[in-house]
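Chemist:
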Amino acid sequence: MRLIVIDAGADWALLAADLELEGAEVTTVTPDVISGLDLSGFDALLIPPVRSVLTAELVGACDRAGVRLVPIGSSDSRVASRFGLPSPLPLDTPAAEVMTAVAAEQATKETAVPARSPRVLAIWGPQGAPGRTTVAIQLAVELVRAGRRCALVDADSVAPSVALQLGLGDESPGLAAACRRAQLGSLDVAELVRLATPVETSAGMLDVLGGLNRPSRWPELAPGRLRAMLAMAREWQDETVVDVAAAFDEDDDLLGPEGPQRHAATAAVLLEADAVVAVLSADPLGVSRFLRGYAELRHLVGDTPVTVVANRVRPGPLGVDARGQIRRTLSRFAGIDEVAFVPQDQRSADAAALHARAIADVSPRSQLVSAVRRIAAGLGARAEVTADSSRGSSRAARLLR
-16 MRLIVIDAGA DWALLAADLE LEGAEVTTVT PDVISGLDLS GFDALLIPPV RSVLTAELVG
44 ACDRAGVRLV PIGSSDSRVA SRFGLPSPLP LDTPAAEVMT AVAAEQATKE TAVPARSPRV
104 LAIWGPQGAP GRTTVAIQLA VELVRAGRRC ALVDADSVAP SVALQLGLGD ESPGLAAACR
164 RAQLGSLDVA ELVRLATPVE TSAGMLDVLG GLNRPSRWPE LAPGRLRAML AMAREWQDET
224 VVDVAAAFDE DDDLLGPEGP QRHAATAAVL LEADAVVAVL SADPLGVSRF LRGYAELRHL
284 VGDTPVTVVA NRVRPGPLGV DARGQIRRTL SRFAGIDEVA FVPQDQRSAD AAALHARAIA
344 DVSPRSQLVS AVRRIAAGLG ARAEVTADSS RGSSRAARLL R
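Per the working numbering, the sequence shown starts with residue -16, numbered consecutively.
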């Protein structure tokens, strides 16, 4: 077994010596030369999980060379989890146990099933606050819980609220800065890691790209910039959950057809998405608004899979059989036969708002959390079936591209 050990002090030198006694072929390098080292032929790289050493460029180089990364040390474990690495081993772990861990990881990777391709999931809903942002946050948390590296992006150009719901400051650069760098051609995985805000959840680390701190900055979310950013996001994360605004038609303003359009950001995300989650509010007005917008949504996204979610389901406004009424209405007027239901849980929602956390963090046994978890599982199963379908293949999508 050929190992690379970072020379980061006396304890690391002792670990390298112990590994050699266990029969490993050890190469010791300093942190400043690791980025230019030829990794071919090595089995694993033992590295401290610190930001100055464990970088996106190093992770990418190891992936290309087939070298496993084994974090060791008591540094911030969030650095390792951000790149999908296991929890760091203590620095005083015996060399035999380190080699056993490396061998076990190698066996796991050899027998693992191929992972799904990276996806962009757009969370859309009609006017009237049906709960798009709440569903987007909770869905991202459940995807992290399922073992997927996930980013949550706020691309709502009208009323961005992801940062507010998660208690994040609006001074972070976020999505606008990522779009500017994408236009300049300087956006890469390392830059996305720097611009994102890591949020610790009950499921693990979630990277968040906050939205605009002032709605008047909507011209910064130009369609070309967003498409370039989402293309890089596929290299950055397994799942990119994007919260968008309700409208995606062109504004009737004085700028003309060639000028910037306020809702072009929503249309760009929907066209680039691999799957769309369409959220409606489970009340008569919410269902009516959804039916008016769903036909346009389907015309825009073409063959892209759309999962319909009825949010805030309760017996009050629709009678005792609220779910049956929603099913029959959507089937009759829109041909929608599959609907996922998220029950109303005002107490858990209030607790999440009070603590500025995801609902799963403050009320893990909520029926709302269980419902979104089933939706996340259904999206995973559906992605396997529709993996070969072309994204945005409708005539409208091609024309708008």
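Don't be surprised by glycine CBs; every beta carbon is placed ideally from N, CA and C.
Rounded to whole angstroms, what's the CA-CA distance from W(-5) to D75? Just pull it up for me.
Modeler: For the purposes of this step, residue -5 is taken as the residue at position 12 of the sequence shown. For the purposes of this step, residue 75 is taken as the residue at position 92 of the sequence shown. Their backbone Cα atoms lie some 9 Å apart in a straight line.
Chemist: Tell me, please, whether the segment 247 to 257 touches the segment 201 to 220 by the rule of three or more beta-carbon pairs shorter than 8 Å.
Modeler: The segment 247 to 257, when compared against the segment 201 to 220, does touch it at the 8 Å Cβ threshold.
Chemist: Write down every uninterrupted run of the beta strand (DSSP E) in the segment 308 to 341 whose length is 3 residues or greater and which is fully enclosed by it, in chain order.
Modeler: Segments of the beta strand (DSSP E) lying fully in the segment 308 to 341: 322 to 326.
Chemist: If we call anything under 8 Å between Cβ atoms a contact, is R34 one with E8?
Modeler: For the purposes of this step, residue 34 is identified with residue 51 of the sequence shown, where counting begins at 1. For the purposes of this step, residue 8 is identified with residue 25 of the sequence shown, where counting begins at 1. No, Cβ-Cβ distance for R34 and E8 is not below 8 Å.
Chemist: Would you tell me roughly how many angstroms separate the C-alpha atoms of D286 and F25, rounded to the nearest one?
Modeler: On the sequence shown, residue 286 is found 303 positions in, with the first residue counted as 1. On the sequence shown, residue 25 is found 42 positions in, with the first residue counted as 1. About 44 Å.
Chemist: Mind checking which residues open and close the beta strand (DSSP E) that includes P54?
Modeler: Locating residue 54 in the sequence shown gives position 71, where the first residue counts as 1. Run containing P54: 51 to 54, per the beta strand (DSSP E) assignment.
Chemist: If I measure Cβ to Cβ from G157 and keep anything under 7 Å in the same chain, skipping five residues before and after, which residues do I get?
Modeler: Here the question's residue 157 lines up with position 174 in the sequence shown. Correct list, in chain order: L178, L192, G193, G194.
Chemist: Between the alpha carbons of A142 and T13, how many angstroms are there, rounded?
Modeler: Residue mapping note: residue 142 aligns to position 159 of the sequence shown, counting from 1. Residue mapping note: residue 13 aligns to position 30 of the sequence shown, counting from 1. Answer to the nearest angstrom: the Cα atoms are 48 Å apart.
Chemist: Could you check which residue in L274, S140, A332, I120 has the C-alpha nearest to that of S199?
Modeler: As a working mapping, residue 199 is identified with position 216 in the sequence shown. Answer by Cα proximity: S140.
Chemist: Do you know how far the Cα of P73 is from the Cα of P267?
Modeler: Taking the first residue of the sequence shown as 1, we reach residue 267 at position 284. Taking the first residue of the sequence shown as 1, we reach residue 73 at position 90. P267 and P73: Cα-Cα distance of roughly 57 Å.
Chemist: What are the complete alpha helix (DSSP H) segments, minimum 4 residues, inside the segment 202 to 275?
Modeler: Runs found: 206 to 219, 247 to 255.
Chemist: Does DSSP put P181 in a helix, a strand or coil?
Modeler: Counted from its first residue, the sequence shown places residue 181 at position 198. It is a strand residue.
Chemist: Should G269 go down as buried or exposed, given a rule of 16 or more other Cβ atoms within 10 Å for buried?
Modeler: In the sequence shown, counting from the first residue as 1, residue 269 sits at position 286. Buried: at least 16 other Cβ atoms inside 10 Å.
Chemist: Please confirm whether T294 and A332 have their CB atoms less than 8 Å apart.
Modeler: Walking along the sequence shown from the start, residue 294 turns up at place 311. Walking along the sequence shown from the start, residue 332 turns up at place 349. What sits at residue 294 in the sequence shown is Asn, not Thr. Against a cut-off of 8 Å, the Cβ pair of A332 and N294 comes out as no contact.
Chemist: Count the other CB atoms within 10 Å of the CB of G108; is the residue buried (16 or more) or exposed (fewer)?
Modeler: Reading the sequence shown from its first residue, position 125 is the one you call residue 108. Its Cβ being crowded by 16 or more others within 10 Å, G108 is buried.
Chemist: What distance in whole Å lies between the Cβ atoms of V352 and S346, which are believed to be in contact at a cut-off of 8 Å?
Modeler: Residue mapping note: residue 346 aligns to position 363 of the sequence shown, counting from 1. Residue mapping note: residue 352 aligns to position 369 of the sequence shown, counting from 1. Correct: roughly 7 Å between the Cβ atoms.
Chemist: Please give me, in chain order, every unbroken run of the alpha helix (DSSP H) with length at least 4 that falls completely inside the segment 95 to 174.
Modeler: Complete alpha helix (DSSP H) runs here, min 4: 115 to 128, 145 to 148, 157 to 167.
Chemist: Consult DSSP for E93 and reduce its assignment to one of helix, strand or coil.
Modeler: Here residue 93 is taken as the residue at index 110 of the sequence shown, counted from 1. Model confidence at E93 stands at a pLDDT of 46, short of 50, so the residue's coordinates are unreliable; what they give is reported in the following sentence. DSSP places E93 in helix when its eight states are reduced to three.
Chemist: For I399, which beta-bridge partners are listed by DSSP?
Modeler: Shown here, the chain extends from -16 to 384; a query on residue 399 therefore has no answer.
Chemist: At a cut of 8 Å, does the segment 319 to 337 reach the segment 125 to 137 through at least three beta carbon pairs?
Modeler: They do not touch, by the three-pair rule.
Chemist: Could you tell me the distance, in whole angstroms, from the CA atom of D320 to the CA atom of H246?
Modeler: Taking the sequence shown and counting its residues from 1, the one referred to as residue 320 is at position 337. Taking the sequence shown and counting its residues from 1, the one referred to as residue 246 is at position 263. Distance between the alpha carbons of D320 and H246 is about 29 Å.
Chemist: What does the alpha-carbon distance come out to for the pair S23 and A123?
Modeler: Within the sequence shown, numbered from 1, the residue matching residue 23 stands at position 40. Within the sequence shown, numbered from 1, the residue matching residue 123 stands at position 140. So the alpha carbons of these two residues sit roughly 35 Å apart.
Chemist: Looking at the ligand HEM, does it come within less than 7 Å of T10, judged from the CB to the closest heavy atom?
Modeler: Among the ligands in the structure shown, none appear at all, so the ligand HEM cannot be discussed.
Chemist: Are at least three pairs of beta-carbons, each pair with one atom in the segment 272 to 290 and one in the segment 299 to 310, less than 8 Å apart?
Modeler: As far as the Cβ criterion goes, the segment 272 to 290 does not touch the segment 299 to 310, which means the pair count is below three.
Chemist: Under 8 Å Cβ to Cβ from G43, same chain only, skipping five residues before and after it: list those, please.
Modeler: The sequence position of residue 43 within the sequence shown is 60, counting from 1. Excluding residues within five positions, the ones whose Cβ falls inside 8 Å are V172.
Chemist: Let's test the definition: count the other Cβ atoms within 10 Å of the Cβ of S349 and tell me whether it reaches 16, buried, or not, exposed.
Modeler: On the sequence shown, position 366 is the one that residue 349 refers to. With 16 or more Cβ atoms within 10 Å of its Cβ, S349 is classed as buried.
Chemist: Closest by CA to A78, which one among V50, T38, I55, A261?
Modeler: Translated into the one-based positions of the sequence shown, residue 78 becomes position 95. Among V50, T38, I55, A261, the Cα nearest to that of A78 belongs to I55.
Chemist: DSSP state of R200, grouped into three classes?
Modeler: Within the sequence shown, residue 200 is the residue found at index 217, counting from 1. Three-state DSSP puts R200 in a helix.
Chemist: Which of the three DSSP states, helix, strand or coil, is assigned to T83?
Modeler: Looking up residue 83 in the sequence shown gives position 100. Correct three-state label for T83: helix.
Chemist: In the structure shown, what three-state DSSP assignment does L41 receive?
Modeler: In the sequence shown, the residue the question calls residue 41 occupies position 58. DSSP places L41 in helix when its eight states are reduced to three.
Chemist: Where does A186 land, buried or exposed, given buried means 16+ other C-beta within 10 angstroms?
Modeler: Indexing the sequence shown from 1 puts residue 186 at position 203. Buried: at least 16 other Cβ atoms inside 10 Å.
Chemist: In whole angstroms, what separates the C-alpha of P(-3) from that of V53?
Modeler: Position 14 of the sequence shown, counted from the start, is the residue given in the question as residue -3. Position 70 of the sequence shown, counted from the start, is the residue given in the question as residue 53. In the sequence under discussion, the amino acid at residue -3 is Leu, which differs from the Pro named in the question. Spanning the two alpha carbons is a distance of roughly 17 Å.
Chemist: Go to L72, then tell me how far its alpha helix (DSSP H) extends in each direction, as first and last residue.
Modeler: In the sequence shown, residue 72 corresponds to position 89, counting from 1. Segment: none, L72 is in no alpha helix (DSSP H) and carries neither H nor E.
Chemist: Apply the 10 Å Cβ neighbour rule to L167 and answer buried if 16 or more other Cβ atoms are within range, or exposed otherwise.
Modeler: Taking the first residue of the sequence shown as position 1, residue 167 is located at position 184. So L167 ends up on the exposed side.
Chemist: With the cut-off set at 8 Å, would you say A39 and V127 are in Cβ contact?
Modeler: Taking the first residue of the sequence shown as position 1, residue 39 is located at position 56. Taking the first residue of the sequence shown as position 1, residue 127 is located at position 144. Cβ atoms of A39 and V127: not closer than 8 Å.
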